[in-house]
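In what follows, a single structure is set out as structure tokens and then discussed.
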Amino acid sequence: MEETGEKSFAELFEQSFKKPSRLEPGQKVEAVIVKITDEWVFLDLGDKSEGCLDRKELLDPDGKLTVAEGDRVSAYFLSSENNERVFTTRVSGGAAGNQYLEDAFHSRIPVEGVAEKEIKGGYEIKIAGSVRGFCPFSQMGLRRNDNPQEVVGKKLLFKITEYRDNGRSLVLSNRRVLEEERERIREELKKILTKDMVIKGTVISLRPFGAFVDIGGIEALLPISEVGWSRIDELSSVLSPGQEVEVKVMELDWEKNRISVSLKAALPDPWQQLPVLFPEESCHTGTVARLAPFGAFVTLAPGIDGLIHISQLGQGKRINHPREVLAEGQSIEVRVIKIDTENKRLSLALASSGPQEQEEDDFRQYVEKQPAGKPDSPGALGSALLKARKGKTGKR
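Going by our numbering, the sequence shown opens with residue 904, and the numbers climb by one from there.
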């Protein structure tokens, strides 16, 4: 029984890869290029089936061939001519385009067109030689473009959504082509994309809360907090549309179409080098980044901020707020007191409040711990010194 079941599964698995012997116009297939001639590209459809498509469809704007023998391509079945199955990657200009426009509408085959000009409500699109169509603003691109003129003059792919008057009245959608392609890419990425994977992407646009990044054909959000280790107030100061970045996948939610990435996580963590770059008791020049009621944050390097507690700022005098002695943007000399790399905390003090003040604090603590009247108590001279220090520092 198990043997029969395995055989049945193997047969079903094999069958899922076979191409149907009968193709319907507009049916999409995946094929392997077996031969390229001066005019045609011949395809192997599998299951001993073959087809061909016009070589011109696979040329780039400079006239160079974009494929080679052995490559896989996606194509749409058009018709059978002289026992030859003819395919297309899209319907373009010329007589062939005029002939297949209606078939493209019924079969949902993409057509190639040029956005001639902006008109009321959308664009006038030129396809198949002299044929004109209309593409509404809402159907141009995946999201509305703030500058409609950017599209004018570009050659794009469209789906025919309305076909009337023998092709004299056409309504087109570029959005549907992009949505179908995005869905196809999405399904492919589902198989290979995993959390914590580091991948390359391209910045698409900037927003106050972060940037959208194209990762292989779909969009991911790069939050502003994940752009770098240092605080970023203006995103445009570090990123720009078209910029290539290397990011780490942080969240994958295919059901909600939500993918978030991090540029910071793909960069070396500066805190791991902290004990080497800023060892305890070493002195450095820093910049006051911001002031808080409890102290001042000082930047020593990109992504490395340390805290000077308010008790370390008065230099012997009591202050109510750090702004009484410091200002944001001010350059100051600081001393590293303590490093906590695990919790990313760095304790600092003013470099001027160095060992001398520390010795005075140690002496004061020693004196205060001594019981009155004991042989090792400070005596009259020690008491006088302690009283003098209390008067000088204002400590009680």
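Just so you know, even glycine gets a beta-carbon here, dropped at the ideal spot from N, CA and C.
For H1187, three-class secondary structure by DSSP: In this structure, H1187 counts as strand in the three-state DSSP scheme.
From V1148, K1151, R1193, I1102, residue whose alpha carbon lies closest to that of R1134: Minimum Cα distance to R1134 is reached at R1193.
Sub-9 Å separation of K1098 and V1152 beta-carbons: Between K1098 and V1152, the C-beta spacing is below 9 Å.
Per-residue DSSP class, three states only, for K1103: DSSP places K1103 in strand when its eight states are reduced to three.
Spatial distance of G1232 from P1225 (CA atoms): Cα-Cα distance, rounded: 13 Å.
Candidates S952, M1100, S1139, A1018, of which the one nearest G1165 by Cα: Looking at the sequence provided, one finds Ser at residue 1165 rather than Gly. Ranking the options by Cα distance to S1165, first place goes to M1100.
P1278 burial status per 10 Å Cβ neighbour count (16 or more: buried): Because the pLDDT of P1278 is 47, which lies under 50, any placement of that residue in the model is unreliable, and the number read from its coordinates should be weighed accordingly. By the 16-neighbour rule on beta-carbons within 10 angstroms, P1278 is exposed.
Neighbourhood of P1051 by C-beta, 6 Å cutoff - its chain only, sequence neighbours within 5 removed: Cβ-Cβ distances below 6 Å link P1051 to E1021 in the same chain, with the five nearest sequence neighbours on each side left out; the list follows chain order.
Length of the line joining the Cα atoms of K959 and S982: A straight line joining the alpha-carbon of K959 with that of S982 spans about 18 Å.
Inter-residue CB distance, A1123 and L1138 (contact presumed, cutoff 8 Å): At roughly 15 Å, the Cβ-Cβ gap does not stay under 8 Å, so A1123 and L1138 are not in contact.
Residue environment, R975, which counts as buried when at least 16 other CB atoms sit within 10 Å: Exposed, by the Cβ-count rule.
For W943: DSSP bridge partner residues: Per DSSP, the beta-bridge partners of W943 are D957.
Cα-Cα separation between L1306 and E1129, rounded to whole angstroms: This structure gives no information on residue 1306, because the portion of the chain shown stretches from 904 to 1299.
Collapsed DSSP secondary structure at K921 in the structure displayed: Low confidence applies to K921: its pLDDT is 46, below 50, so where it sits in the model is not reliable, and the reading given next is rough at best. Here K921 sits in coil by DSSP.
Coarse secondary structure for V932, derived from DSSP in three states: V932: strand per DSSP, three-state reduction.
Residue from S1076, E1082, V1148, I1121 whose Cα sits closest to the Cα of K1103: The option with the nearest alpha carbon to K1103 is V1148.
Residues that P1126 bridges to, as DSSP identifies them: P1126 pairs with G1113.
Limits of the alpha helix (DSSP H) - the one that V1148 falls within: Careful: V1148 lies outside any alpha helix (DSSP H), inside the beta strand (DSSP E) at 1147-1156.
Secondary structure of I1235, DSSP reduced to three states: DSSP places I1235 in strand when its eight states are reduced to three.
Close-in-space but distant-in-sequence residues of the same chain around L874 (CB under 6 Å, 5 per side omitted): Nothing in the structure corresponds to residue 874, since the chain is present only between 904 and 1299.
Proximity below 9 Å, CB of K1057 to CB of V1014: Cβ distance not < 9 Å, so K1057 and V1014 don't count as in contact.
Strand pairing of G1016, partner residues [DSSP]: As a beta-bridge residue in DSSP terms, G1016 pairs with I1030, L1059.
Beta-carbon gap between L1059 and V1080 smaller than 9 Å: Yes, the pair counts as a contact, with Cβ atoms nearer than the cut-off.
Burial state of G954 (16 or more Cβ within 10 Å): Label assigned to G954: buried.
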